[in-house]
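Residue numbers for the sequence shown, in the numbering used here: 1 to 791.
The structure appears below as structure tokens.
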Amino acid sequence: MGFLKKILEKISPFFTMLKEKLKLNKVIEFLKSFYKRKVLFILTISIVVIAVALSILLSRILSKNAIEIKPNQEITIIENLHVNIPKGAFPYEKKFNLIPLTKDSNPEIFSSAPFIDVVYDVKAADGKTDFSYVPMTFRYYFPAKYFLGIDYNNVALAYIPDDGSAFRVFPGCYIGYDEKGYFVEAKSFHSSKIGVVALTPKKQELGIKVLVEKLSPEPAILIVPGTDRNFKGYFKSDESSDLNFWSVAFSNRTIMLYNYPLYEVRSKLYQDMVTDYFKRSELKSYIEFEAERLATELKRFKNFKFDIVAQDIGGLIVTYTLLLHPEIDNIRRIAFVSVPFKGTNISNPVYFASLLYGKNPSALSKVYNLDDNVISSVQTHIFTYLETVNTYWNEILPNSRLLKKFEKFKFPDSVKVVSFMGTRPPLGIDITGSGLAKFYPELIKGQGDGIVSVDSAALDGVQLVQIDGDAYTFYSKSEFIEKLKEFFTFDEIKVPEYKDDTYREYVSQTEKEKEVYLSKLIPYRFSGATISDSIVVEPEEKLDYPGNQIAIYKSVVYTGGPDGLFANGTKLMDGPILNLKETFDGVSFRTANEIYFYSPAIKKKYNIVYVSDFLATAEGVYTAVQAGEMISFWDPRGNKIVDLKGQYGRIKVDNNYLIFYTNKQIYVPKLELLLNVPDLENKSIDISDAIIYKNEVLSVTRSYGFLFFDIGTTEGNYVGEGWIGNIKIHHVANYFLTIGKNFITIIDIPERRVLKIIEKLDFDVINSATDGKYLYLVSKDGIYKYKVREY
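Here it is as structure tokens:
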């Protein structure tokens, strides 16, 4: 204070001088006097400069570093965030401020969400919450360390709702790269607190994925989902395929899912494909792009016949696929679920922005003559749907360029089609008779289900079925499932059905001394059977090896199942493992994504194929492909080996022979040997397993019979229906062992007779294998090893 007092004392003569009418000579004298005191002069100037600087700094602090986005300014750049507001996005000039929020200034934001960098609060300068007529674009550049690869979608652009609830990922945001680095970009009709979040690292699944595989002549069910996340049918959040709504509804069918990122984060790989396609496409349509991808996938699975269930946008993709590719011929039937063939007003942002968004429900209730709660539900439903469809919004508007292409389209005569929809909108919405009804027919009870109206879901010549419920619930109703099953009924190929009580598993005492002399070979003899403990096979030990499948190569017991592949109990690979079996010099199996040939010396993997059966070798994959009542067998080079009659086909290696068989024929390529199931009056014989021994081919049948062929005469001989194990047949030591569900029938080879004693088991057999000395039986409780007595 003393220092400032002295300064004021020195300056006061200046003010005294002014009082004396500013006499010039006195002013000059004063300046000369003041200049002599240089130190005091410099100090005064410094104080002025500091005061100005402090005022500027203070103004910035008070403004919280807000950066203005001016109206009609298309791109605003602030460090790592780029904002693009298209011209005409709002009906009037609108300014926004970008306010950075950091861990230091707003720790509560970062403690409750996985944001990896600064969050920006994009706020309207006028304080009004508006919904844009066309989407704004937000691009955020993130550190390169978070980019894990072109097929990962582990980084997303997210926002915090105005109500402060948990962060939400912008549906349909995508990862990209330019000269400035890696970024994630989203399109949105609204602003908020925006930042980048790190998600669980995983590769994005694209295309057709097999959820549940069944060896069945019936067409596979292909699910093409839409905006409803639950339509994929997962019962668990981890999307485990072992629990799926569709596999429960169609337990005898193979279930497949077409994956495309409608609302998920889009990987760089996916977005690069989109960008490249848009360069060549006039329409620049995501639906068109996905239609091309689906066509490619259907052609990849050309050996499958499909029944398709498709929801809203998924249904448009399926329809456009057939419009673009009439050559596709492996679709049998299509069930559409709430598909807006003529568009939906729910995706109209101008309607929503003008009529509903950001407005008080109580005020609107008086305008539209609706309850407050109904107004609030309408706002929530439309906002959620518009956000979910994101980049697809303008393609599904009524009279869009894309939908106009459907006007003259007719489905192929070979494809049967039905259209389903609900009877009422979701969330208790019904705007019947209100001022909103003319804008949103989809929200009128009886006329719409929340996504489509009756007019939009209808197609010329296609039955429209309404099921009680809204678009998000009616497809889970029993009424829908029953009608869908009826529509998907498959009766083109009738496979003989065998039940456990159709045939007697053991012969009675009255069936004695029956012999069949139909071959030049000495016939197999039997004289009745008794269930007891056999002296031929005896339990050795129980092996606690994981898995429900088994194959043995060079005395190593390989097991496989949901938990992986194991060798003598030691884990080799993660699961799930499917179709494990012995092959030439190793074992063959498949995982969810690849086919493997495996041996101690070599491991090879091949692209997945979905066929009736396959066998992997070191040279490639043999396949069995079903086409109606014929099975085609192919070598690894793509050459057809043989066509066999039947409803299912199998491939195996036995005694170093490759064996192809169906339920009606057997073919051994090495011997160029074709064998036919004999025609027996009033009997239907279907082979379930086959092996080769010397000059015989031996098989067991589904009807508990024993069928053996003389290789020399190719004649088939059928005996013992009712008492032969029908799961597998093995050659162990001097015996053939036929494996039933809970018994073993023993055939003495040198004596060519069936032993009277049938080994009864205390467990159910799932699978079996042999190393030539021991028999291994797989049960749900483990693997039972049996010793086989030799002569």
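Built from N, CA and C at the ideal position, the CB exists for glycine as well.
Kindly indicate which residue of I175, F90, K187 and A166 has the alpha-carbon position closest to the one of M136. Minimum Cα distance to M136 is reached at K187.
Secondary structure at W723, three-state DSSP: helix, strand or coil? For W723, the three-state secondary structure derived from DSSP is coil.
Out of Y320, Y351 and K305, which has the shortest C-alpha to C-alpha gap to I331? Nearest C-alpha to I331: K305.
Where does P171 sit, in a helix, a strand or coil, going by DSSP? In the structure shown, P171 sits in coil (DSSP, three-state: anything other than H, G, I, E or B).
Proximal residues to R424 (C-beta, below 6 angstroms), its chain only, five neighbours per side dropped: Excluding positions up to five away in sequence, the list reads K445 and D470.
Could you give the first and the last residue of the continuous alpha helix (DSSP H) run that contains T321? Here the alpha helix (DSSP H) through T321 covers D312 to L324.
Spatial neighbours of F487 in its chain, beta-carbon cut-off 8 angstroms, leaving aside the 5 residues before and after: The beta carbon of F487 sits closer than 8 angstroms to those of R333, A335, K416 and V418, all from its chain and outside the five residues before and after it, given in chain order.
Determine which residues share a DSSP beta bridge with S730 and list them. A quick correction: the sequence has His, not Ser, at residue 730. Per DSSP, L737.
Would you mind sorting E218 into buried or exposed? The rule is 16 or more other CB atoms within 10 Å of its CB. So E218 counts as buried.
A457 versus F341: straight-line alpha-carbon distance, rounded: For the pair A457 and F341, the Cα-to-Cα distance works out to about 6 angstroms.
So, helix, strand or coil for N252, using DSSP? Assigned with DSSP and collapsed to three states, N252 falls in coil, not helix or strand.
Among all the DSSP beta bridges, which residues are the ones paired with Y718? For Y718, the beta-bridge partners assigned by DSSP are L707.
Anyone know if the C-beta pair for K780 and I766 falls short of 8 angstroms? Yes, Cβ-Cβ distance for K780 and I766 is below 8 angstroms.
Counted within 10 angstroms of its Cβ, other Cβ atoms place S63 as buried (16 or more) or exposed: Per-residue confidence for S63 stands at a pLDDT of 41, beneath the threshold of 50, marking its modelled position as unreliable; the derived number appears in the next sentence. The residue in question, S63, is exposed, as its Cβ has fewer than 16 Cβ neighbours within 10 Å.
Where V118 and S191 are concerned, what is the direct C-alpha to C-alpha distance, given to the nearest angstrom? Across the structure, V118 and S191 are spaced so that their CA atoms are roughly 16 angstroms apart.
Would you call the segment 312–327 and the segment 93–100 touching, i.e. three or more CB-CB distances under 8 angstroms? Using a Cβ-Cβ distance cut-off of 8 angstroms, the segment 312–327 and the segment 93–100 are not in contact, since fewer than three pairs of beta carbons, one from each stretch, lie closer than that value.
Can you list, in chain order, the residues of its chain whose CB lies under 6 angstroms from that of L777, leaving out five sequence neighbours each side? Only V765, S768 and Y784 meet the Cβ criterion.
Taking the alpha-carbon positions, what's the W246 to G127 distance? For the pair W246 and G127, the Cα-to-Cα distance works out to about 48 angstroms.
Could you have a look at L615 and say whether DSSP puts it in helix, strand or coil? Strand at L615.
Buried or exposed, going by whether 16 or more other CB atoms sit within 10 Å of the CB of N593? The residue is exposed, with fewer than 16 neighbouring Cβ atoms inside 10 Å.
C-beta contact flag for A567 and I595 at 8 angstroms: In this structure, the beta-carbon distance from A567 to I595 does not fall below 8 angstroms.
Return the chain-ordered list of same chain residues with a C-beta closer than 8 angstroms to the C-beta of S376, the five sequence neighbours on each side being excluded. So the qualifying residues of the chain are P361.
Simplified DSSP state of V778, which is helix, strand or coil: Three-state result, V778: strand.
Alpha carbon to alpha carbon, how far is V337 from E290? One alpha carbon belongs to V337, the other to E290, and they sit about 18 angstroms apart.
Counting Cβ pairs closer than 8 angstroms, one from the segment 191–204 and one from the segment 105–125, do we hit at least three? Cβ pair count under 8 angstroms is three or more, so yes.
Residue from F589, A627 and M630 whose Cα sits closest to the Cα of A618: Relative to the Cα of A618, the nearest Cα in the group F589, A627 and M630 belongs to F589.
On the DSSP bridge list, what partners appear for V556? In DSSP, V556 forms a bridge with Y553.
What are the complete beta strand (DSSP E) segments, minimum 3 residues, inside the segment 576–629? Listed in chain order, they are 578–583, 586–590, 594–598, 603–607, 613–616 and 621–627.
Beta-carbon separation of Y152 and S267 under 8 angstroms? In contact: Y152 and S267 (Cβ atoms closer than 8 angstroms).
Would you check if there are 3 or more beta carbon pairs closer than 8 angstroms linking the segment 682–691 to the segment 699–707? Touching, yes, given that three or more Cβ pairs across the two stretches are closer than 8 angstroms.
Give the straight-line distance between the Cα atoms of S478 and F420, rounded to the nearest whole angstrom. Approximately 14 angstroms, taken between the alpha carbons.
Among residues of its own chain, excluding the 5 on either side of V587, which ones have a beta-carbon nearer than 6 angstroms to its beta-carbon? Cβ contact annotation for V587 (same chain, cutoff 6 angstroms, sequence separation greater than five): A551, Y553, Y558 and Y598, in chain order.
For the alpha helix (DSSP H) that contains A353, what are its first and last residues? Secondary structure note for A353: its alpha helix (DSSP H) is the uninterrupted segment P349 to L355.
Which residue wins for smallest C-alpha separation from F409, given the options L316, Q466 and H381? Among L316, Q466 and H381, the Cα nearest to that of F409 belongs to L316.
Give me the Cα-Cα distance between S240 and D679, rounded to the nearest whole angstrom. Here S240 scores only 48 on pLDDT, less than 50, and its place in the model should not be relied on; the value that follows carries that caveat. The C-alpha of D679 is placed about 45 angstroms away from the C-alpha of S240.
Whose CA, out of E582, K581 and L565, lies closest to the CA of D574? Residue L565 is the option with its Cα nearest to D574.
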